[in-house]
Amino acid sequence: MPAEAFEAFIFWMQPGSGPVCSVCSAPTVHAKAQESCLSEHQLWAFLQKNQLPEDGRQPWLQLLARFEIALPLQDGRYLLPHLLPEKPSSTLSPEPTSPTRAHTLLRHVQMSFVPMGFWQRLIARLLISLSSMEHTGLTSVWNRLQVTSTLDRDKQDAAGTRALYRHGSTFCVRQARKTYWQEGLCACYANGFLSVEALGRRSMQTTNHSGIAIMVQSQSQDLSAVAFVMDHVTSLIEQWFPALLGTEPDGTPFVRQLIPCSRCLLTPSPSTQTQLDPSLAILNAPEQLPHMFRLEECLLRAVTDDRMLCPKHPDRPVPLPQLVPEIFMTDFPRRYFLECSKLTIIDGDAGYLGHGGSGTTIRRAQYQGTVVAVKIFTILSCNEDDDMLRDLYANRIARVFAEFRLEARMLQSLRHPCIPALLGIMLYPLCLALELAPHGSLRLVLDAAELVPVPLGPLLSYKVAHQVALALAYLHRKDIIFCDLKSDNVLMWSLDPNETVNAKLSDYGISRLSFGQGARGTEGTPGYQAPEVCPGIIYDEKVDMFSYGMLLFELLSGQRPTLQGKPMEVLRKLNCGLRPRFPRPVHTTCKTLALLATRCWQTAPEQVLTMHHHL
């Protein structure tokens, strides 16, 4: 950090009189904040009154976000967590419904400890996503499901589960009434109710554990809002609070998920002959409590079956999609589910196209006569009897499903000519079906070309560079950091410079949604990875610009941008400013691309321009 920047940081953070303390305590901030939020203009105007320079706004706002003092939301607004009330300012509850139509799913995420800043970032993410659903209509509403109330409970459960497979999710947030506080958020919307709050606030949670209590209620038997929340919780823990991924000395994970049996919630208690209160606000007697499934046992069961047996009513199995909707992708539209009988995967070398991260395999296949590429996520059945081994195996399944969900959700939300389209998904086997690139990856094309300056020729090289840049700019506008840009992940559609589309950007398995807060983690490939991608360091979309410079090096030289040494040694060299050297003089017509590559290689992230500026 330059001396001037360090002095400014010390001034900003000084106790009692610094701008940070003023933001937290000034009466004018409290007076202007509506629902604990300020516009960026209001926030910056206030900071300038505290002797901040007029230029360089973004670094200071990022500093506020880093310390969870002001977290960015949509539409240029900032959430000020210290202004959130301790308890809900208003009470929201599920809409009154007939007992035969009210469907409730609870999820308890027990945590050995709740890190500082966890609730602030979770609430900000949920608010951004709910607002996006309301304003842009990016929902999973396809052929709304209506289940008649004349069916008895067993038939209704079975019919509803099958209908969710056929029709997809009805989870839609429009004109929602929301309330949020320091450790929770509730949303009441058409056809449903969602609550995310601190574990223990409702007294059913008679536990000493900290954590999160999630409750979803739906009149249409669509409980996929749980998947929506758990996606945010999982990604938040992995990116910002990885310490929670550890275990206690006895091997117990720091984070454990428990799922109350949905049938127990709807079955009259033997002692009282009354139906359990779905909110579980006044349960004390052990016989009234529902059976609690562990997520691990649900995952192991989901590999081979779609029903779960509850010891309290073994004659009435519980549909697993109602317990773990995220595993069965019930929040996905109907049109994306493929029929296994119509998919033919080509075996042997003829069908092998490559491999991805985490043991995935990419193969050629045919679906209803159309040639496609399928990305297969390998999951083997567990034959172990030891509980610890079964839990370890279940954790591996959870990681595979999480990666599958992340990439499927990411691709399903993207619409761009330079990004491969998701054609469909399948659960048995677990795979994604994608458009097939006729010429494979850019790396394969470069390996097959002659070792001459600009192996693809100037015109095609410019077009590939431009199309990859367009795809990256599109991702960055959607707050997505690609994280793994390299020639292996650029698929070639055509080698004819006269074609409209020549290249598409693929493989979103480790991409990150930044929510305007940046991201953390060590994802990427050494040599292509920006120096600032280190454990505990926050980075933004500019890490993709560094990798883009390495991709330009490959286009111009035909070689990988390798620096000699092990991964940590390569990282040290990059941090010291070492960069690959072009083995031959750059072609005269491509000097602009070479200059762009060197600009993307800047060591200091603040000196790197965004893709928007380059375009």
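With full-length UniProt numbering, the residue at position 324 of the sequence shown is 324, and numbering never jumps. Backbone N, C-alpha and C fix where the C-beta goes; we use that ideal spot for every residue, glycine too.
Alpha carbon of residue i to alpha carbon of residue j, nearest angstrom
i           : j           : result
residue 125 : residue 229 : 10 Å
residue 501 : residue 492 : 9 Å
residue 337 : residue 426 : 6 Å
residue 121 : residue 68  : 7 Å
residue 424 : residue 42  : 45 Å
residue 175 : residue 109 : 28 Å
residue 4   : residue 60  : With a pLDDT of 49 at residue 4, under the threshold of 50, the modelled position of that residue is not reliable, and the figure given next carries that caveat. C-alpha separation (whole angstroms): 14 Å.
residue 211 : residue 112 : 8 Å
residue 394 : residue 588 : 56 Å
residue 611 : residue 478 : 13 Å
residue 590 : residue 448 : 21 Å
residue 363 : residue 428 : 16 Å
residue 331 : residue 481 : 23 Å
residue 57  : residue 64  : 11 Å
residue 555 : residue 440 : 15 Å
residue 328 : residue 307 : 12 Å
residue 77  : residue 340 : 46 Å
residue 661 : residue 253 : The chain is shown from 1 up to 615; residue 661 falls before or after that span and cannot be answered.
residue 459 : residue 466 : 11 Å
residue 313 : residue 191 : 29 Å
residue 573 : residue 333 : 47 Å
residue 521 : residue 533 : 7 Å
residue 234 : residue 379 : 20 Å
residue 434 : residue 238 : 27 Å
residue 546 : residue 408 : 26 Å
For residue i, the three-state DSSP class (helix, strand or coil)
i           : result
residue 60  : helix
residue 179 : strand
residue 219 : coil
residue 313 : coil
residue 521 : coil
residue 184 : strand
residue 584 : coil
residue 124 : helix
residue 483 : coil
residue 189 : strand
residue 174 : coil
residue 539 : strand
residue 492 : strand
residue 610 : coil
residue 143 : Confidence at residue 143 is low in this model, with a pLDDT of 33, below 50, so its placement is unreliable and the value that follows should be read with caution. It is coil, neither helix nor strand.
residue 116 : coil
residue 576 : coil
residue 289 : coil
residue 133 : helix
Span of the beta strand (DSSP E) around residue i
i           : result
residue 464 : Run containing residue 464: none in the beta strand (DSSP E); it sits in the alpha helix (DSSP H), 458–477.
residue 292 : 292–294
residue 193 : 192–198
residue 560 : Residue 560 -> no beta strand (DSSP E), and no H or E assigned at all.
residue 260 : 255–260
residue 355 : 352–355
residue 345 : 343–345
residue 529 : No beta strand (DSSP E) holds residue 529; DSSP gives it neither H nor E.
residue 503 : 503–505
residue 500 : Per DSSP, residue 500 belongs to no beta strand (DSSP E) and is neither H nor E.
residue 107 : 103–111
Cut-off 6 Å between Cβ atoms - residues of its own chain near residue i, not counting five sequence neighbours on either side
i           : result
residue 131 : 74
residue 325 : 223, 224, 226 and 227
residue 195 : 186 and 215
residue 245 : none
Extent of the continuous alpha helix (DSSP H) to which residue i belongs
i           : result
residue 236 : 225–240
residue 599 : 591–600
residue 443 : 442–448
residue 209 : No alpha helix (DSSP H) holds residue 209; DSSP gives it neither H nor E.
residue 41  : 40–48
residue 323 : 320–323
Other residues of its chain near residue i: CB distance less than 8 Å, five sequence neighbours each side excluded
i           : result
residue 498 : none
residue 549 : 596, 597, 598, 599, 600 and 601
residue 468 : 418, 485, 490, 503, 505, 548 and 551
residue 585 : 453
Contacting residues, own chain, Cβ-Cβ under 7 Å from residue i (five flanking each side not counted)
i           : result
residue 310 : 261, 263, 264, 291 and 318
residue 516 : 72 and 479
The ligand COA heavy atom lying under 8 Å from the CB of residue i
i           : result
residue 248 : For the ligand COA, the structure offers nothing, since it holds no ligand at all.
- Would you list, in sequence order, the uninterrupted beta strand (DSSP E) runs of no fewer than 3 residues that lie entirely inside the segment 68–92? Counting whole runs of 3 or more residues, the segment 68–92 contains the beta strand (DSSP E) stretches 77–79.
- Item | beta strand (DSSP E) runs wholly inside the segment 365–436, at least 3 long, in chain order | Segments of the beta strand (DSSP E) lying fully in the segment 365–436: 370–376, 422–426 and 431–434.
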